[in-house]
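Note sheet for the following structure.
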Amino acid sequence: MRNRLRERVAISGVGCSRFGDLLKTPELAGLSIQELTARAVREALDDAGVTGQDVDAVFAGNAMVHSSQVPGTYSQLSKWTGTQFRAGVHFEAQCSTTNVGASLAAAAIAAGVYDTVLVYGVETTRTKVKGYSPYEREPISHQQTWLWTDMAVNQAYGVPQGYDIFSTYNGLVALGYCRKYGLSIEDFDRSMFELCRTRRLHGSMNPKANIQETLEARASRGGYSDAYDYWRSDEHNPFVAWPSRLLSLVTTADGASAMVLTRAELAKSGKSQPVELKGFGMSYSDLPWYGEDPTYWEFDRRAIDAAFDMAGIKPADIDYLHTHDCSHISGICTAETIGYLEAGKGLQAARDGRLRFDGDRPMSTHGGRHAFGHAWGASAGTDTYEAVLQMRGRAGARQIAKVPEISVIHTHGYAMIGTVIVLGAL
Amino acid sequence: MLDTPAQPSALRAYYEGLSKGVFQGIVCKGCGHHTFPPTGCCEHCGSWDVAPVNLSGEATLLYATHNITPACHPRFEKIAPYVYGHLRLKEGPIVQAIILGVEATPAALRTLFERGPVPAKAETLRTEDLSVIAFRVAN
Numbered sequence: 000m001r002n003r004l005r006e007r008v009a010i011s012g013v014g015c016s017r018f019g020d021l022l023k024t025p026e027l028a029g030l031s032i033q034e035l036t037a038r039a040v041r042e043a044l045d046d047a048g049v050t051g052q053d054v055d056a057v058f059a060g061n062a063m064v065h066s067s068q069v070p071g072t073y074s075q076l077s078k079w080t081g082t083q084f085r086a087g088v089h090f091e092a093q094c095s096t097t098n099v100g101a102s103l104a105a106a107a108i109a110a111g112v113y114d115t116v117l118v119y120g121v122e123t124t125r126t127k128v129k130g131y132s133p134y135e136r137e138p139i140s141h142q143q144t145w146l147w148t149d150m151a152v153n154q155a156y157g158v159p160q161g162y163d164i165f166s167t168y169n170g171l172v173a174l175g176y177c178r179k180y181g182l183s184i185e186d187f188d189r190s191m192f193e194l195c196r197t198r199r200l201h202g203s204m205n206p207k208a209n210i211q212e213t214l215e216a217r218a219s220r221g222g223y224s225d226a227y228d229y230w231r232s233d234e235h236n237p238f239v240a241w242p243s244r245l246l247s248l249v250t251t252a253d254g255a256s257a258m259v260l261t262r263a264e265l266a267k268s269g270k271s272q273p274v275e276l277k278g279f280g281m282s283y284s285d286l287p288w289y290g291e292d293p294t295y296w297e298f299d300r301r302a303i304d305a306a307f308d309m310a311g312i313k314p315a316d317i318d319y320l321h322t323h324d325c326s327h328i329s330g331i332c333t334a335e336t337i338g339y340l341e342a343g344k345g346l347q348a349a350r351d352g353r354l355r356f357d358g359d360r361p362m363s364t365h366g367g368r369h370a371f372g373h374a375w376g377a378s379a380g381t382d383t384y385e386a387v388l389q390m391r392g393r394a395g396a397r398q399i400a401k402v403p404e405i406s407v408i409h410t411h412g413y414a415m416i417g418t419v420i421v422l423g424a425l
Numbered sequence: 000m001l002d003t004p005a006q007p008s009a010l011r012a013y014y015e016g017l018s019k020g021v022f023q024g025i026v027c028k029g030c031g032h033h034t035f036p037p038t039g040c041c042e043h044c045g046s047w048d049v050a051p052v053n054l055s056g057e058a059t060l061l062y063a064t065h066n067i068t069p070a071c072h073p074r075f076e077k078i079a080p081y082v083y084g085h086l087r088l089k090e091g092p093i094v095q096a097i098i099l100g101v102e103a104t105p106a107a108l109r110t111l112f113e114r115g116p117v118p119a120k121a122e123t124l125r126t127e128d129l130s131v132i133a134f135r136v137a138n
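Chain order of the listed sequences is W and Y.
The opening residue of the first sequence carries number 0 in numbering that gives the first Met the number 0; numbering runs sequentially from there.
The opening residue of the second sequence carries number 0 in numbering that gives the first Met the number 0; numbering runs sequentially from there.
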């Protein structure tokens, strides 16, 4: 594998909807899935200074077709996004969808096939089509969400025999981490509290986040003067896979994201400050995702190595990192595998506030999967959206003081494709 | 019954084997490694030259946690919350499965965690529509 881009590729525009609920969230309530998608696409096209007719190809991402009911997304959304008569495909890599799309777009541009590609992702994990209505939606039950989502997991042997995401992604990894590094369960719990505090602080500073309430404010609203007492209450924060609690997990959301990729030379004359996509790496694995050591995931190692090799960077070069954090402990393990955090010290870094936007190891400043929320096929694009804002110095109150020059975005597409992209100042 | 004779299926054979208390995998004639549960191809070297093999069911339970209620899959609603574990089989493969013989409570799971890796033995767990594998930990 040569693992090289033959031409420099840039992200010239990014867009992202508010994440939330199409039935309840003020900025989203009443929107159709077509209009939800169009909001993100319009923002990305406007950001790049182009229209849908200026792009050569459209990679349209949507994973959970059961709730969206828009297969053939490229054509069904074409008149809503102004992209009629482009080349296009509907694809999915679950929760890595949009960044896999960005990687494939970069490969197509660097190969000389296309000059400009629009990538978007849309997902509704909170609401589904109501009956046969073209516009009415209704809530999805918790069990239905996971039954549909888990269709991306081993349907031969895993799911039929009791596979459970909360156990596999959280509890077992947490226990592996505690045993490997001699961490007590009590220290683990306190660290998870501090990490959640950081994520929700970031969410509270992001007007597009699903949850914009700090953990302290939520605790106070529940009658707790000490947020850690709230954290440890079985009523508000039960164990979902001991020793992992509910608030260390993803929150579901409806949402959409989009980005425009183009040849770097074209991007330099664009409307907004472009960011170079310097490299990418992908590697997938069926269950089990790890061997005897639940903190080490071989497919992530391979994706990281490929992306860093293509981009020509080392861990010490990273200024900003997002790792997939459906499971907070898994996200820490990945950051340690990447080398951004010292092995076995990631939770201490969280407790010391080093992962905050104003810390020396900033991570997931949009709020991550817990506070920003998770709309499977749209979420990787939100991670990239945040990185681009940070690299432009336009992240508002949560802006990292030293504007990042190198950002790394890692995502897990169920179940599982480790995807890593490296962004650099152009 | 199908009118047309069914082709051999490793997937169907695995579940039919479970209903009889047999734990089927495959072994690669090239690299010698086991793939469990069985497919038609070695997961280690990609060879198609594989043979069915019955595994011992002996395992070491490395870690155990629990799931949520209601279970993510309706098949397991009646037994949720259940204990779910990470195991190494005697023949080498790593598997995750339902664990029997341990309560799905933080106290019981903490006691188990503090014991460290413990022996476990595979058995068949019969649900309403499917026999599935589970592992029992000796007290």
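Glycine is no exception: its CB is placed at the ideal position from the N, C-alpha and C atoms.
Keep in mind that this is a model prediction, so the values were computed, not measured.
Own chain, CB closer than 8 Å to residue i, minus 5 neighbours either side, in chain order
i, result
"CYS30(Y)", "CYS41, HIS43, CYS44 and SER46"
"PRO242(W)", "GLY170, ALA173, LEU174, CYS177, ILE184, PHE187 and ASP188"
"MET309(W)", "ASN2, ARG3, LEU4, LYS277, GLY278, PHE279, GLY280 and VAL421"
"ASP304(W)", "GLY280"
"ALA58(Y)", "LEU86, ARG87, LEU88, LYS89, VAL94, PRO118, ALA119, LYS120, ALA121 and PHE134"
Short CB-CB distance (under 7 Å) between residue i and chain Y
i, result
"PHE165(W)", "yes"
"TYR156(W)", "yes"
"PRO428(W)", "The displayed coordinates of chain W run from 0 to 425. Any statement about residue 428(W) would go beyond what the structure contains."
"PRO287(W)", "yes"
"TRP375(W)", "no"
"LEU246(W)", "no"
"VAL239(W)", "yes"
"GLN398(W)", "no"
"TRP145(W)", "yes"
"GLY372(W)", "no"
Coarse secondary structure for residue i, derived from DSSP in three states
i, result
"GLU137(W)", "strand"
"ARG294(W)", "A small fix is needed here, since residue 294(W) is Thr in this sequence, not Arg. Coil at THR294(W), not helix or strand."
"SER16(W)", "coil"
"PHE449(W)", "Absent from the model: residue 449(W). The displayed extent of chain W is 0 to 425, so no value can be given."
"SER18(Y)", "coil"
"LEU320(W)", "strand"
"ASP253(W)", "strand"
"HIS65(Y)", "strand"
"ALA104(W)", "helix"
"ALA9(W)", "strand"
"LEU260(W)", "strand"
"GLY280(W)", "strand"
"LYS127(W)", "strand"
"GLN142(W)", "helix"
"ILE164(W)", "helix"
"SER406(W)", "strand"
"PHE75(Y)", "helix"
"ALA92(W)", "coil"
Those residues which DSSP pairs with residue i across a bridge
i, result
"LEU60(Y)", "LEU86(Y) and VAL117(Y)"
"CYS27(Y)", "VAL49(Y)"
"TYR119(W)", "ALA59(W) and ALA257(W)"
"ARG244(W)", "PHE238(W)"
Any C-beta of chain W under 7 Å from that of residue i
i, result
"PRO105(Y)", "yes"
"ILE25(Y)", "no"
"PRO118(Y)", "no"
"GLN95(Y)", "yes"
"PHE75(Y)", "yes"
"PRO4(Y)", "no"
"ILE132(Y)", "yes"
"ASN66(Y)", "yes"
"GLN111(Y)", "In the sequence on display, residue 111(Y) carries Leu and not Gln. False, the Cβ-Cβ gap to chain W never drops below 7 Å."
"LEU108(Y)", "yes"
"LEU10(Y)", "yes"
"PRO36(Y)", "yes"
"CYS71(Y)", "yes"
"HIS85(Y)", "yes"
Own chain, CB closer than 7 Å to residue i, minus 5 neighbours either side, in chain order
i, result
"HIS65(Y)", "PRO80, TYR81, VAL82, TYR83, ALA103 and LEU108"
"ARG85(W)", "VAL54, ASP55, ALA56 and VAL57"
"GLY412(W)", "ALA92, GLN93, CYS94, SER95, THR96, VAL99 and THR418"
"CYS332(W)", "VAL172, TYR176 and THR294"
Near the ligand ZN: residue i beta-carbon under 6 Å from a heavy atom
i, result
"GLY345(W)", "Summarising the ligand content, the structure contains no ligands, and the ligand ZN is consequently not present."
Taking one C-beta from the stretch 113 to 125 of chain W and one from the stretch 246 to 258 of chain W each time, how about it: are there three or more such pairs within less than 8 Å? Yes, the stretch 113 to 125 of chain W is in contact with the stretch 246 to 258 of chain W.
Touch check for the stretch 389 to 406 of chain W and the stretch 310 to 324 of chain W: three-plus C-beta pairs under 8 Å? Yes: at least three Cβ pairs fall under 8 Å.
Stretch-stretch touch, CB-based, cutoff 8 Å, three pairs: the stretch 207 to 215 of chain W with the stretch 360 to 372 of chain W: By the Cβ rule, the stretch 207 to 215 of chain W counts as touching the stretch 360 to 372 of chain W, because three or more pairs are nearer than 8 Å.
Does the contact criterion of 3 or more C-beta pairs under 8 Å hold for the stretch 58 to 75 of chain W versus the stretch 290 to 302 of chain W? Three or more beta-carbon pairs separated by less than 8 Å are not found between the stretch 58 to 75 of chain W and the stretch 290 to 302 of chain W, which leaves the two stretches without contact.
For the 8 Å Cβ check, are there 3 or more pairs between the stretch 102 to 113 of chain W and the stretch 28 to 42 of chain W? In the pairwise beta carbon analysis, the stretch 102 to 113 of chain W is classified as not touching the stretch 28 to 42 of chain W: fewer than three pairs are separated by under 8 Å.
Evaluate contact between the stretch 40 to 51 of chain W and the stretch 139 to 147 of chain W, counting only Cβ atoms and requiring at least three cross-stretch pairs below 8 Å. Counting Cβ pairs under 8 Å, fewer than three are found: no touch.
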